[in-house]
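Enquirer: Residue numbers (the working numbering): 34 to 270.
The beta-carbon is built from N, C-alpha and C at its ideal position, and this holds for glycine as well.
These figures come from a predicted structure and were not determined experimentally.
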Amino acid sequence: MSDLGKFHLFGDPEALNHAASGSVGSPGLCDQEEDPGEDPPPEGCPSSSRYLCWAFSVLMILLVSGGAIVGILYLAYQPEVPKYSVSSLKMMKFNPRRSNNLYAIFSLVVGTENPNKNVGIYYDEGSTVRLLYKGYKLCEGPFPEFYQGHWNTTWLQVPLTGYGQYATSLLRWMQQQKQQTGFLDLDLRVTQLVSLKFGRVKVRGLKLVGHCWLDVDNVDGSIISIKETICDLRMRL
Numbered sequence: 034m035s036d037l038g039k040f041h042l043f044g045d046p047e048a049l050n051h052a053a054s055g056s057v058g059s060p061g062l063c064d065q066e067e068d069p070g071e072d073p074p075p076e077g078c079p080s081s082s083r084y085l086c087w088a089f090s091v092l093m094i095l096l097v098s099g100g101a102i103v104g105i106l107y108l109a110y111q112p113e114v115p116k117y118s119v120s121s122l123k124m125m126k127f128n129p130r131r132s133n134n135l136y137a138i139f140s141l142v143v144g145t146e147n148p149n150k151n152v153g154i155y156y157d158e159g160s161t162v163r164l165l166y167k168g169y170k171l172c173e174g175p176f177p178e179f180y181q182g183h184w185n186t187t188w189l190q191v192p193l194t195g196y197g198q199y200a201t202s203l204l205r206w207m208q209q210q211k212q213q214t215g216f217l218d219l220d221l222r223v224t225q226l227v228s229l230k231f232g233r234v235k236v237r238g239l240k241l242v243g244h245c246w247l248d249v250d251n252v253d254g255s256i257i258s259i260k261e262t263i264c265d266l267r268m269r270l
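1) Would you call the CB atoms of Y117 and V143 closer than 9 Å?
2) Within 10 angstroms of the Cβ of M124, are there 16 or more other Cβ atoms? Answer buried if so, exposed if not.
3) Spatial neighbours of G254 within its chain, please: C-beta separation below 6 Å, excluding the five flanking residues on both sides.
4) Under 8 Å: do the stretch 203 to 212 and the stretch 225 to 240 share three or more Cβ pairs, one atom per stretch?
5) Using DSSP's beta-bridge definition, name the partner residues of G225.
6) On the three-pair Cβ rule with 8 Å, is the stretch 176 to 185 touching the stretch 199 to 209?
7) Since H244 and D218 are thought to touch, with beta carbons under 8 Å apart, how far apart are those beta carbons, to the nearest angstrom?
8) Taking 9 Å as the cut-off, decide whether the C-beta atoms of K260 and W206 are in contact.
9) Rounded to the nearest angstrom, what separates E173 and L270 at their Cα positions?
10) When burial is assigned at 16 or more other CB atoms within 10 Å of the CB, is Q208 buried or exposed?
11) How many angstroms separate the CA atom of D64 from the CA atom of S90?
See below:
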């Protein structure tokens with residue numbers, strides 16, 4: 034009767050002890066060994082994105098090289114921003130219509146000065162000149178394309194045309210300011226695309242942003258007297 038409460042183990046005791054320790058049977062996740070035939074995981078960029086890594090590296094090299102070239106040219110030539118001046122402004126047509134619309138044609142004569150000794154300036158296509166009064170666009174037109182050499186001043190005639198609304202209110206504002214101050218203040222805004230020539234090297238993709246403040250006696254007469262002109266011109270990439 035005393036043997037009924039005991040368990041009897043059959044087989045090799047060492048084998049049984051070895052099995053109890055977990056080394057016999059199906060291995061667990063931690064006991065699995067890596068297949069020596071498998072390739073190691075790739076390091077650095079994955080194979081699917083190696084082309085993107087290569088393209089990005091080439092782009093960075095080009096950007097750094099381009100910036101270095103521009104910096105060297107700037108230090109060597111020390112370019113100055115060109116200067117603008119307004120010589121005359123003529124009203125060709127300033128016609129308020131019955132539909133409260135305004136049709137205007139102006140002729141602007143502007144001077145561009147290149148103060149650089151060794152830098153040429155290409156005035157490229159896509160430039161605009163706008164004439165505004167109190168934020169209201171009176172007219173606009175394209176700036177002519179041309180090349181300006183060293184130490185040169187060129188005078189250009191720029192035709193400006195415009196068609197807008199609220200002619201009655203605009204004329205009333207002008208009359209009120211003229212009675213109060215004796216002049217009208219106009220804004221001339223220029224967005225100029227340019228390329229610079231350093232010797233045989235041509236640098237493209239530059240932009241000149243200009244703003245001229247004009248004090249004139251009127252805008253509805255054929256002859257417009259410009260009392261004062263202040264122009265500010267800046268270069269942007």
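Expert: Reading it off the structure:
1) Translated into the one-based positions of the sequence shown, residue 117 becomes position 84. Translated into the one-based positions of the sequence shown, residue 143 becomes position 110. Cβ atoms of Y117 and V143: closer than 9 Å.
2) For the purposes of this step, residue 124 is taken as residue 91 along the sequence shown, with counting starting at 1. For M124, the number of other beta carbons within 10 angstroms of its own is at least 16, and it is reported as buried.
3) Position 221 of the sequence shown, counting from 1, holds the residue named residue 254. Cβ neighbours of G254 beyond the five flanking positions: none.
4) Taking 8 Å as the limit for Cβ pairs, the verdict is that the stretch 225 to 240 does not touch the stretch 203 to 212.
5) As a first step, residue 225 is located in the sequence shown; it is residue number 192 there, counting from the start. Just to set this straight, residue 225 is Gln in the shown sequence, not Gly. As a beta-bridge residue in DSSP terms, Q225 pairs with L241.
6) With a cut-off of 8 Å, the stretch 199 to 209 and the stretch 176 to 185 do not count as touching, because too few Cβ pairs lie within range.
7) Counting from one through the sequence shown, the residue named residue 244 turns up at place 211. Counting from one through the sequence shown, the residue named residue 218 turns up at place 185. Contact doesn't hold; Cβ gap of about 12 Å is too wide.
8) Taking the first residue of the sequence shown as position 1, residue 260 is located at position 227. Taking the first residue of the sequence shown as position 1, residue 206 is located at position 173. No. Outside cutoff.
9) Stepping through the sequence shown from its first residue, residue 173 is reached at position 140. Stepping through the sequence shown from its first residue, residue 270 is reached at position 237. One C-alpha to the other measures close to 24 Å.
10) Locating residue 208 in the sequence shown gives position 175, where the first residue counts as 1. Q208 is exposed by the Cβ-count criterion.
11) For the purposes of this step, residue 64 is taken as residue 31 along the sequence shown, with counting starting at 1. For the purposes of this step, residue 90 is taken as residue 57 along the sequence shown, with counting starting at 1. Note that D64 scores a pLDDT of 48, beneath 50, so its modelled location is shaky; the value from the coordinates is reported in the next line. In a straight line, the C-alpha of D64 is about 43 Å away from that of S90.
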